[in-house]
Amino acid sequence: MDPQRHQRITEIFLQACELPEEERSGFLDEACAGDQALREAVEALLEHDKAVHTSMEQAEDAARSSAAAHGATSPFDPEAILRPTPDPERIGPYRILEKLGSGGMGVVYLAEQREPVRRRVALKVIRAGLGSREAVVRFEAERQALALMDHPNIAKVFDAGVAEDGRPYFVMEHIPGEPITRHCQRLALPLNERLDLFLQVCDAVQHAHQK
Numbered sequence: 124m125d126p127q128r129h130q131r132i133t134e135i136f137l138q139a140c141e142l143p144e145e146e147r148s149g150f151l152d153e154a155c156a157g158d159q160a161l162r163e164a165v166e167a168l169l170e171h172d173k174a175v176h177t178s179m180e181q182a183e184d185a186a187r188s189s190a191a192a193h194g195a196t197s198p199f200d201p202e203a204i205l206r207p208t209p210d211p212e213r214i215g216p217y218r219i220l221e222k223l224g225s226g227g228m229g230v231v232y233l234a235e236q237r238e239p240v241r242r243r244v245a246l247k248v249i250r251a252g253l254g255s256r257e258a259v260v261r262f263e264a265e266r267q268a269l270a271l272m273d274h275p276n277i278a279k280v281f282d283a284g285v286a287e288d289g290r291p292y293f294v295m296e297h298i299p300g301e302p303i304t305r306h307c308q309r310l311a312l313p314l315n316e317r318l319d320l321f322l323q324v325c326d327a328v329q330h331a332h333q334k
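Residue numbers for the sequence shown follow my numbering, so the first one is 124 and each next one is one higher.
Next up, the structure:
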């Protein structure tokens, strides 16, 4: 996705979030100025934002109920669900097997899907503590950008959802492998074969930038 396009989507989304739902349609008419693709991208973020906040409210309600059932007297802290927690055993319908890596935005796990097919997948969930709308927007934009890609050297997106604690996640194709530099060193690839691999990577990057 073009950086300027992404910035425009983010700006309109954040402005729309400040409006009552009944005023958003008219605002989008003006802000998107007939650009249907732009409007659909913003509306998708608004729907996702609504789902995330609904799930977070449900998580808060469940925590309050659990605390009350166990006789807790301290006030409920709604930001507790955003604090760093140990690696989960499950996220949505996916069983977490191990942590593959993490970055500034999210954490990636190797997970197991059992229905409708049994397979191993890579699941990326937004980091605990990144509960702002801006963070959710960037995370959702990444998922949408990946979903638009169709390239043999780019992992496919299979699914997306919201975890029980309200954090959004998406599920990708898991392709076992090793860093390209280690691969080249292990096989002692000659320069021409290394350049061929490099060109394949460049082709995938070009495809990504076109989206």
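Positions of the beta carbon are idealized from the N, C-alpha and C atoms, including for glycine. Model, not experiment: these values are computed from the prediction.
TODO: Could you have a look at residue 247 and say whether DSSP puts it in helix, strand or coil?
DONE: strand
TODO: Under the assumption that residue 259 contacts residue 246 (Cβ atoms under 8 Å), give the Cβ distance between them as a whole number of angstroms.
DONE: Not confirmed; about 17 Å, so no contact.
- [ ] Determine the extent of the beta strand (DSSP E) in which residue 231 is found, giving its start and end residues.
- [x] 229 to 236
TODO: Assuming residue 295 and residue 269 form a contact by the criterion Cβ under 8 Å, report the distance between their Cβ atoms to the nearest whole angstrom.
DONE: 7 Å
Open item on the list: For residue 173 and residue 304, I'd like the C-alpha separation in whole angstroms.
Closed with: 42 Å
Task: Given 8 Å, three or more beta-carbon pairs between the segment 210 to 219 and the segment 228 to 243 - done: yes
Open item on the list: With DSSP as the reference, identify every bridge partner of residue 222, one or two as the case may be.
Closed with: 232
Open item on the list: So, for residue 235: in the same chain, excluding its five sequence neighbours on each side, which residues have a beta-carbon less than 7 Å away from its beta-carbon?
Closed with: 217, 218, 220 and 243
- [ ] Can you have a look at residue 263 and say buried or exposed, based on whether 16 or more other CB atoms are within 10 angstroms of its CB?
- [x] buried
- [ ] Could you tell me if residue 139 is buried or exposed, where buried requires 16 or more neighbouring beta carbons within 10 angstroms of its beta carbon?
- [x] buried
- [ ] Check residue 283 in the structure and name its three-state DSSP category.
- [x] strand
Task: Distance between residue 300 and residue 146 (C-alpha atoms, nearest Å) - done: 49 Å
Task: Rounded Cβ spacing between residue 215 and residue 157 (contact assumed at less than 8 Å) - done: That pair is no contact at about 37 Å.
Task: Inter-residue Cα distance where the pair is residue 165 and residue 287 - done: 24 Å
Task: Counterpart residues of residue 291 in DSSP-defined beta bridges - done: 285
Open item on the list: Let me check understanding here. Comparing Cα to Cα, which of 131, 222 and 276 lies closest to residue 298?
Closed with: 276
Task: Alpha-carbon spacing of residue 312 relative to residue 321, whole angstroms - done: 12 Å
- [ ] Taking 8 Å as the cut-off, decide whether the C-beta atoms of residue 136 and residue 142 are in contact.
- [x] no
Open item on the list: Quick check on the burial criterion: 16 or more other C-beta atoms within 10 angstroms. Buried or exposed for residue 155?
Closed with: buried
Open item on the list: Please classify residue 310 as buried or exposed, where buried requires at least 16 neighbouring CB atoms within 10 angstroms.
Closed with: exposed
Task: Through-space distance from residue 282 to residue 274, alpha-carbon basis - done: 18 Å
TODO: With distances taken Cα to Cα, identify the nearest neighbour of residue 289 among 133, 251, 128 and 241.
DONE: 251
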